[in-house]
Amino acid sequence: MAGLCEGGNEPPGSLKASKNDITTKRIEAFEMWIRRSMERVKWIDRVRNEAVLERVNEERMLLKLIRKRKRN
Numbered sequence: 034m035a036g037l038c039e040g041g042n043e044p045p046g047s048l049k050a051s052k053n054d055i056t057t058k059r060i061e062a063f064e065m066w067i068r069r070s071m072e073r074v075k076w077i078d079r080v081r082n083e084a085v086l087e088r089v090n091e092e093r094m095l096l097k098l099i100r101k102r103k104r105n
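Take 34 as the starting number for the sequence shown in our numbering and just add one per residue.
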């Protein structure tokens, strides 16, 4: 399973999300929240994230930008 790692005190075979994976998901969720608010997409409309990205002709870039700036 992608995005999961074996825990330290967990029984063998159990999986838990790493701190990095959780942070990544939160950054992506924040980015989509911003894009939805800019496009005034209501939560009740149940528009998928991919559809919001198609509306603005963009791709997810916030995480890429953070990683790029962190390298420099």
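Just so you know, even glycine gets a beta-carbon here, dropped at the ideal spot from N, CA and C.
Asked, Found
"Continuous alpha helix (DSSP H) stretch holding residue 65: start and end", "52-72"
"For residue 75, the three-state DSSP class (helix, strand or coil)", "coil"
"Presumed contact (8 angstroms Cβ cut-off) between residue 80 and residue 89, rounded CB distance", "At roughly 12 angstroms, the Cβ-Cβ gap does not stay under 8 angstroms, so residue 80 and residue 89 are not in contact."
"Proximity winner among 85, 64, 60 and 97, relative to residue 72 (alpha-carbon distances)", "85"
"Beta-carbon gap between residue 100 and residue 65 smaller than 9 angstroms", "no"
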